Structures are given as C-alpha cells and as structure tokens.
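A.B. asks: There's a structure below that I have some questions on.
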Amino acid sequence: MCGIVAYVGPKDAAPILLEGLQRLEYRGYDSAGVVVSNKGLKMRKVKGRVADLAAVVPARFKGGLGIGHTRWATHGAPSDVNAHPHLSTDERIAVVHNGIIENADELRAKLEADGAVFLSETDTEVLSHLIARTVVEADSLEEAVRAALKRIVGTYGIAVIDAQRPGEVVVARNGSPIVLGIGEKEMFAASDVAALVRYTRQVVHLEDGELAVLKADGFSTFAGDARPTAKEPLTVDWDAGHYDTGGYEHYLLKEISEQPETVARTLRGRLDDRFHIAHLGGLNMDARETRSFRRVKIIGCGSAYYSGQIGAQLIEELARIPADAEPASEFRYRSPVVEPDTLYVAISQSGETYDTLAAVQELKRKGGRVLGIVNTVGSAIARECDGGVYLHAGPEVSVASTKAFTSTAVAFALLALHLGRVRDLSPADGRRICEGLRRLPGQIKEILALEPQIEELARKYADSPSMMFVGRVRGYPVAREGAQKLKEISYVHAEAYPASELKHGPLALIGPEMPTVAIVPDDELLDKNLTTLGEIRARGGRVLMVGHRTADPKLADDCVVVPRNETELDPILLSIPLQLLAYHAAVALGRDVDKPRNLAKSVTVE
Ligand code: G6P
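And the structure:
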C-alpha cells in the first residue's frame, strides 16, 4: 500500500527519500515521486518503480527538505500525473497522502469554482489546494494544515511542505500510519519504520488525530484541537539488515527459511517447565479475570484470519472454551453482539490493517476486552488493544505472510496453554504441550530440508489450472492457508474445503485436471481422511498428500511426510510444506513472488 517518506536536516533529502521509498517497495505500489525544497519546489514523479524514479532525479536535485511517496492507485489510474506529490497551483505547497478522502468530489467542485486548477484525478490534490488557500493568512504551516484537515472526511497519513518555510515538514495521521524518526540534528517521517531503520532506531508513532511539526533540531506533536501532546520515543530492535534478502533469491524464501529461529523467538522466555504453563507478560489479566471468560472470538484478515482458525481450535482443545475466528473485515460491518464474558483477540502482522483496526475500535466502543497478537511493536492495533502477545518474528517483507502466520499459530498455542492451565488442563498435558512447543524449531528445520522434493512436486503440479485443498478439523485451516498461499503468489486457482464436505458438492469438480492437496495427519480422523482420498482417486483425481506417513499408492500419487508433534500442534508443522509448495509453484510459473499483482502487504484502506 502507499508509502510516505519525509526528511528535514543538513543532508540532501533526495537520496534519503529514494532509499526510504525503496525500503517500502515491498508494500506494493504502482508509481512514485519526490519533491525537495531549495529556493522553490522541485518535483519528479513517474508511473513505475522507484528505480524508474531514481533514473529521472537529476544529480543537481539539492535541498535538505523533502517528501516522497509510492502510490497504490485508488482514485485515478496509475500515471505520472496521478503519482504523488501533488502541488498547489502556485507551486508553494506539496502534499503526499495515504488513505482515502471521501468528500473529495465535493471539495474539488468547490475549489474549481474558486479558481483552482486540478492536474490529476486523485482525491489527494484537494489537500494541496485547500492548504494553499489557508496558508497565506495562517501564522504557521501546521495551522493551515489543521484547517484543511477539518474539511476532510476520510482517512489519511500525510506529509506537507511549504516552499516558503524551507526548514519544516508537517505530518498528520488519521487511520493511516505515520512514524517519526529522530536523528542527529535531522528528522525523518515515514508510513513504516522500514524506511527509517537505516538512519535511526528512535521512533515516535503518531496517534489518530495527531499532527507533528518536524524541524532539523526536533519535533513537536499536537492533538486535533492544537493542544501539544507528549510523546515517548521508542527504540526499534529491527535494523536495516532485517530488510535485506540475506542472499536468498526472494524475501519469501528467506522468511520461510527463517522459521526455526522466528518460532524460537516467539517461544523464548515464555515456557515454564516447573508448572508447565506459559508466561505471557503482556496480557494484563490476573488469573481470576482469565478464568472469567466463557468464549473467545478471534478476528483478523487474510492469513491472519486463517492462523486465527488454528488458534480457535487450539483454545477449544486445550482450554475447552468455545472459540471461533471470523474475518475482521466482516465482523466490523455486521454490528456484532459484544459480550462482557467474551475475550476478543485481534491478529495482525503489521498492526496497521485498517479493517482489523476498525474492528478493534468498534469492540472497544462497546466495552469489549481485546488482546492483540501482533508482530510490529508499537503499531496502531498493538496500541489500541488492552494487552497482547508480540510475535518477535522480525519484519516480514514479502507480501504473502509465512513466518508471521506460523508465529501467530505458536502464540495461540501459548495463549491456549495459559488459558488451559488456569482452568482444567492437567499439569501432565501442560508438560506435553510445553515439550511439543520446544520441539517445533528443530522439526521445522527437518521440513525445510525437504525443499528439493517439494520443489519437484511444485513443478509437477504448477501447470494445473486449478487445485483443491482439503483438510478435516485441525487440517482444515491448514488447507485454507495452503490454498491462499498458492493463489496469491502463483495465481493458480485454488479452493479449500473441509474434507468432510467434499462429497456434498465440490466432488463434482474432481477429475484429472484438478489435483487435490490433502492434509492427512496421523490423528483420530486418519481413517476418515483416507476414505476421502479413495473417493477422489475413484474419480480420476490426482492426490498430493501432506501428512505423517506415506500412503498406499492407491490413495495418493505423492506424499510429503512431516515429523509428528502433539496432535494439537501438528497443524503448525503441516503448514510449512504448503508454503514451499506455493513458493516453488510461483517461481516455476515465473511470477513476481514477493510482490504479487494487485496485492499489498499492509492494507491500510477500507
Ligand atoms: C493483506 C496481505 C495478507 C495479510 C493481510 C493481513 O491482505 O496481502 O498477506 O495476511 O493483509 O495483514 P496483517 O498485517 O493484518 O496481518
């Protein structure tokens, strides 16, 4: 999704902006632009990649103040002119914007009637014209920005500069993230810490409604009503190295391969071998409160939602509390009944997904108790929740989620263990789960060693027009995430069904053209699953089985055998080969693995 970078300080802004924009490339975008201030504004913007922009930025692009942007089109097609920044007609004001201005058409008509000349089709351009109109009489740029924002309905993260105030940038946030970066006699701002870590680890997150003024020697922040706010800088523990491919061909493969370490990090310091419990310091709930919940409701989007389905299963099994997961994007719009004895859990890798954030805010308005399972420390969702669990998986760059998905499932296992042990889960079962969790990193390593076999299978199946993924109970969310991975990065159509539902409809699709990936753990449902495989084979369907043993060749054409853990934890391991399968299918088909078409890493608009 769109990215913002801003700089004010003694150095030339342009190279810093371009580097920052490059670090945001992974979020997905279609055009990019920069503007710097040096005796007037100088701007370059192009449809295409940041490298295309860098090619048209001349060496003499000097100036220590500037803003840059990568755009993901919403209003108006990707083009040079629709790319940000947008200038006012007198070229005094420049604006970059993430989010959507809902009353843009109405404002545009008024501004045009008043003489403003619009060059682009974007909603953003109303902002540069609005600010230009108020800045003339305002005492400060921030006052003009504040006045303009009062007329806006919608969401925004913005950065604004004024040619006549060459020493300051004004940024503001409402629904779209803005992070300030504090340097040595220089200040930065961006929509994502990824753009800042090369220069500073000291950051400040703006809250919705806040505005900040950045000068080389510091910053001030204000609430919507212009009252100053006090902000504590946070130190991020991710550095620029976390954002490199580290010798791998793609971020996706790097992130899949990191999972033994990232899972170990999610577990670190959280397992107690004396009482066989989980220590989750950030939940902010005492034992009495923890016992009081009668239901758990989990919300998230995309892969976060599917990991929530694994989480619901773990909580029901280990804590015996009814639990279910729902897409946050649906939940927020259906006026959900919010109950006092329900524990709500919001999942987000980025901590910025707008649908999930809006769902959390709706829950809070209705008095719901919300925990966050989040990867990005200090992100909007983490701040909004009453408590939670950080994944510590490190930054996830590739659009398709892998290590965050796995770490979320592991965090749910910890939460389920915690909820279970304050209820009826016996010390013996607690011990079994603790030991199982400790085995995960080593077992993930064993699965990663199967990569050559999985790569070959991916090549074999990649040319199928469509694939079916089936799993039963614990295996069903695994199948859903497997299908999601395949379709998002390889663009091969994939459907996921509960294995039990196959004969109630989708069996009609099965034939030689539609192979099935079947998740078949060695659990109490093994015989049922094998029966399903027989039904598929009887219709001429090919079967790739992912499970704990090699199947009779009458039932499966190919098998990927993964190590067993405790039955409750097996879904975590069964998901890993499906990540490799999707990755290698996408590579075989020549796809842009890290930046699949039409998708964005963090969807900060509705
Ligand atoms: C987007 C991404 C998905 C991701 C989802 C939720 O749709 O393309 O890969 O799972 O957002 O993201 P989050 O950051 O909230 O986990």
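Start counting the sequence shown at 13; every next residue gets the next number (this note's numbering). Using N, Cα and C, we set each Cβ at its ideal position, and we do this for glycine too. Because the structure is a prediction, the values reported are computed rather than measured.
1. What are the boundary residues of the beta strand (DSSP E) that includes alanine 44?
2. My understanding is that valine 20 touches glycine 76, with C-beta atoms under 8 Å, so please give their C-beta distance in whole angstroms.
3. For the alpha helix (DSSP H) containing glutamine 361, name the first residue and the last one.
4. Ends of the beta strand (DSSP E) at serine 232?
5. Which residues bound the alpha helix (DSSP H) around phenylalanine 424?
6. Here's the rule: buried if 16 or more other CB atoms are within 10 angstroms of the residue's CB, otherwise exposed. What is threonine 274?
7. Do you know how far the Cα of valine 605 is from the Cα of glycine 236?
8. In chain order, what are the residue ranges of uninterrupted alpha helix (DSSP H) at least 4 long that sit wholly in the region 280-331?
9. Taking only heavy atoms of the ligand G6P into account, decide whether any of them is closer than 7 Å to the Cβ of valine 615.
10. Restricting to runs no shorter than 3 residues, where is the beta strand (DSSP E) found entirely within the region 562-597?
11. Which residue's Cα is closest to the Cα of leucine 403: Pro334, Leu29, Val422 and Gly379?
12. Quick check: what's the CA-CA separation for alanine 32 versus lysine 497?
13. Output the residue ranges of the beta strand (DSSP E) runs that lie fully inside the region 513-538 and measure 3 residues or longer, sorted by chain position.
14. For a minimum of 4 consecutive residues, which ranges assigned as the alpha helix (DSSP H) are wholly contained in the region 123-193?
15. At the level of alpha carbons, what is the spacing between glutamate 578 and leucine 567?
16. One question on the structure: do glycine 294 and isoleucine 310 come within less than 8 Å of each other, judged by their Cβ atoms?
17. Could you compute how far the alpha carbon of glycine 390 sits from the alpha carbon of aspartate 135?
18. Using a threshold of 8 Å, state whether the C-beta atoms of alanine 125 and threonine 146 are closer than that.
19. Roughly how far, in whole angstroms, is the beta-carbon of isoleucine 268 from the beta-carbon of tyrosine 595, given that I think they are within contact range, below 8 Å?
20. Asparagine 610: buried (16+ other C-beta within 10 angstroms of its C-beta) or exposed?
21. Is cysteine 313 near the ligand G6P, judged by its Cβ being under 7 Å from some heavy atom?
22. Hey, would you say leucine 326 sits closer than 8 Å to alanine 425, going by beta carbons?
23. Roughly how many angstroms lie between the CA atoms of valine 215 and alanine 67, to the nearest whole one?
24. Inspect the beta-carbon positions of tryptophan 84 and alanine 495 and report whether they are closer than 8 Å.
25. Can you give the Cα-Cα distance for threonine 368 and aspartate 564, rounded to whole angstroms?
26. Less than 8 Å between the CB atoms is what I'm expecting for glutamate 198 and lysine 23, so what's the real figure, rounded?
27. Tell me whether the beta-carbon of phenylalanine 481 lies closer than 8 Å to the beta-carbon of valine 529.
28. Taking alanine 392 and proline 189 to be in contact with their CB atoms under 8 Å, please state how far apart those CB atoms are, rounded to whole angstroms.
29. Given 7 Å as the limit, tell me if valine 9 has its C-beta closer than that to any heavy atom belonging to the ligand G6P.
30. Confirm, please, whether the CB-CB distance from leucine 462 to aspartate 570 is below 8 Å.
31. In whole angstroms, give me the CA-to-CA distance for aspartate 151 and histidine 98.
32. Excluding the 5 residues flanking leucine 452 on each side, which residues of the same chain have their C-beta closer than 6 Å to its C-beta?
33. Could you pull out every unbroken beta strand (DSSP E) segment of at least 3 residues lying fully inside the region 361-398, listed in chain order?
34. Are there any heavy atoms of the ligand G6P lying less than 7 Å away from the beta-carbon of leucine 611, as far as the coordinates show?
35. Quick check: what's the CA-CA separation for glutamate 329 versus serine 315?
36. Beta carbon of valine 372, beta carbon of valine 357: below 8 Å?
C.D. replies: Judging by the given coordinates:
1. Segment 43-49, the beta strand (DSSP E) holding alanine 44.
2. In this structure valine 20 is in contact with glycine 76, their Cβ atoms being roughly 7 Å apart against a cut-off of 8 Å.
3. It is not in any alpha helix (DSSP H) - glutamine 361 carries neither H nor E in the DSSP assignment.
4. That run of the beta strand (DSSP E) goes 230-234.
5. Phenylalanine 424: member of the alpha helix (DSSP H) spanning 415-433, first to last residue.
6. Buried.
7. Cα to Cα, glycine 236 sits roughly 41 Å from valine 605.
8. Entirely contained in the region 280-331, the alpha helix (DSSP H) runs reaching 4 residues are, in chain order, 299-304 and 315-331.
9. It does: the Cβ of valine 615 is within 7 Å (strictly closer) of some heavy atom of the ligand G6P.
10. Runs of beta strand (DSSP E) with 3 or more residues, each lying fully within the region 562-597, are found at 570-573, listed in chain order.
11. Minimum Cα distance to leucine 403 is reached at Val422.
12. In the sequence as presented, alanine is not what sits at residue 32; that position holds glycine. Their Cα atoms are separated by approximately 28 Å.
13. As for any beta strand (DSSP E) of minimum length 3 sitting wholly inside the region 513-538, the runs are 528-532, ordered along the chain.
14. Complete alpha helix (DSSP H) runs here, min 4: 137-147 and 153-162.
15. Going by the C-alpha atoms only, they are around 25 Å apart.
16. At least 8 Å separates the beta-carbon of glycine 294 from that of isoleucine 310.
17. Aspartate 135 has its alpha-carbon roughly 29 Å from the corresponding atom of glycine 390.
18. Inclusion of alanine 125 and threonine 146 in the CB contact set at 8 Å is not warranted, their separation being larger than that value.
19. With 8 Å as the limit, isoleucine 268 and tyrosine 595 qualify as a contact, their Cβ atoms being about 6 Å apart.
20. By the C-beta density criterion, asparagine 610 is exposed, having fewer than 16 other C-beta atoms within 10 angstroms.
21. With a cutoff of 7 Å, cysteine 313 counts as near the ligand G6P, since its C-beta is closer than that to a heavy atom of the ligand.
22. Remark: C-beta atoms of leucine 326 and alanine 425 approach each other more closely than 8 Å.
23. If you take the alpha carbons of valine 215 and alanine 67, they lie about 30 Å apart.
24. No, these two residues do not count as a Cβ contact at 8 Å.
25. If you draw a straight line from the Cα of threonine 368 to the Cα of aspartate 564, it is about 44 Å long.
26. Here glutamate 198 really is in contact with lysine 23; their C-beta atoms are around 7 Å apart, less than 8 Å.
27. Contact annotation: phenylalanine 481 and valine 529 have beta-carbon atoms nearer than 8 Å.
28. 6 Å between Cβ atoms; contact.
29. Here the chain has residues from 13 to 618 only, and residue 9 is not among them.
30. Cβ atoms of aspartate 570 and leucine 462: not closer than 8 Å.
31. Each residue's Cα considered, the two are about 23 Å apart.
32. When the five nearest sequence neighbours on each side are left out, the beta carbons in the same chain lying within less than 6 Å of the beta carbon of leucine 452 are those of Val275, in order along the chain.
33. The qualifying runs are 381-386.
34. Leucine 611 has its CB nearer than 7 Å to a heavy atom of the ligand G6P.
35. Approximately 21 Å, taken between the alpha carbons.
36. Cβ distance not < 8 Å, so valine 372 and valine 357 don't count as in contact.
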